[in-house]
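The C-terminal position of the sequence shown is numbered 244 in numbering that gives the first Met the number 0, with every residue numbered one higher than the one before it.
See below for the structure under consideration.
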Amino acid sequence: MNPTDFPTILLLFDIDGTLISTDGRAKDAMLAAAEVEFHRPIRFHFKDFAGSTDRRIIRTLMEKSGIRMDNGEAAIDRILHRYLEFLAEKLTSPDSVRVYPGVRELLERLHRDEQFALGLLTGNVEKGARLKLAPPRLNRYFPIGAFGCDEEDRTRLPAIAIRRAEAHYRRRFSPERVWIIGDTPRDIRCGKVNHLRTLAVATGGWTLEQLQAYHPDVVVPDFQNVEQIVTLLKEGSHSGRDGKR
């Protein structure tokens, strides 16, 4: 095959629960930022928000806490600004971010394979995403992405990510060769409503069985079996929709 035919498969990765964990540091930074703005304690349950965008998380926190503000959008902007400041303070050392088993090996394997193009699709605002990936030095694998600062509705992010990937890699990606990779039902839904492939990984807050109930194209317990995952991504990109694994 002519080298100009590559890459042909676009992989769009979620971050939290999929690639890394901040072990509560990001959540604490968000809560601290919200409490400074609202002058009151805020409750936060991870599963209520996993897979949401940062802006939607803050909006939902306000609604569930019964907070009404005349200028809500400005308040959200202020919280995001403080959140990023607090997050940067909490993620200063290499061990402040935990990389899930197999992630480094998988990313390096995909990075070396000319069939794959890598990007991010995350609810994090871009600065937050890059802050989280900086301590483990994972940013280099992701030249493009779509972020929570691009759209509040996660299901609108794939079109942005694909457009940026096509500009960066200078080629078109057909929908059957674009994968949304994440750890939550929201990631799976995001892929399905956009008619894209989905790979779910049970390293976040959902079990393998719980994720299977949402019928992703591929579901794996983690990323440790690198060659099997690479094979599934390649075979899935060239098979019909009924060939789920």
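Glycine residues also receive a C-beta, built at the ideal position from the N, C-alpha and C atoms.
- Shown here for Gln211: same chain residues with a beta carbon closer than 7 Å to its own, the five before and five after excluded, namely Val218 in chain order.
- One thing to note: Phe222 has its Cβ no nearer than 8 Å to the Cβ of Val192.
- Collapsing the DSSP output to three states places Val225 in a helix.
- Of the candidates Asp186, Arg196 and Arg155, the residue whose Cα lies closest to the Cα of Ser173 is Arg196.
- Beta-bridge annotation (DSSP): Leu9 is paired with Ala116 and Val177.
- In the three-state reduction of the DSSP assignment, Asp27 falls in the helix class.
- Rounded to the nearest angstrom, the gap between the Cα atoms of Asp22 and Tyr168 is 34 Å.
- In the three-state DSSP reduction, Thr59 falls in the helix class (H, G or I).
- When only Cα atoms are considered, Thr183 and Leu156 end up about 16 Å apart.
- Taking the Cα of Asp94 as reference, the smallest distance to any Cα among Thr52, Arg24 and Ala33 is reached at Arg24.
- Of Val225, Cys148 and Asp186, the smallest CA-CA separation from Ile75 is found for Cys148.
- Going by DSSP, Arg111 is part of the alpha helix (DSSP H) stretching over Val102 to Arg111.
- Setting aside the 5 residues that flank it on each side, Met29 is surrounded in the same chain by Tyr82, each with a C-beta closer than 6 Å to its C-beta; the list follows chain order.
- At a Cβ-Cβ threshold of 8 Å, Ile180 and Leu207 do not count as neighbours.
- Leu198 sits in a strand when the DSSP states are folded into three classes.
- For Asp15, the secondary structure class from DSSP, reduced to helix, strand or coil, is strand.
- Per DSSP, the continuous alpha helix (DSSP H) segment holding Val192 begins and ends at Pro184 to Val192.
- For Thr230, the closest alpha carbon among the candidates Leu109, Lys131 and Ala164 is that of Leu109.
- Burial check for Pro215: the Cβ neighbour count within 10 Å reaches 16 or more, so the residue is buried.
- Beyond the five residues adjoining it in sequence on each side, Phe5 comes within less than 7 Å, by CB distance, of Glu113 and Gln114 in the same chain, given in chain order.
- The residue from Arg111, Ser20 and Cys189 with its alpha-carbon nearest to that of Thr52 is Cys189.
- Val35 sits in a helix when the DSSP states are folded into three classes.
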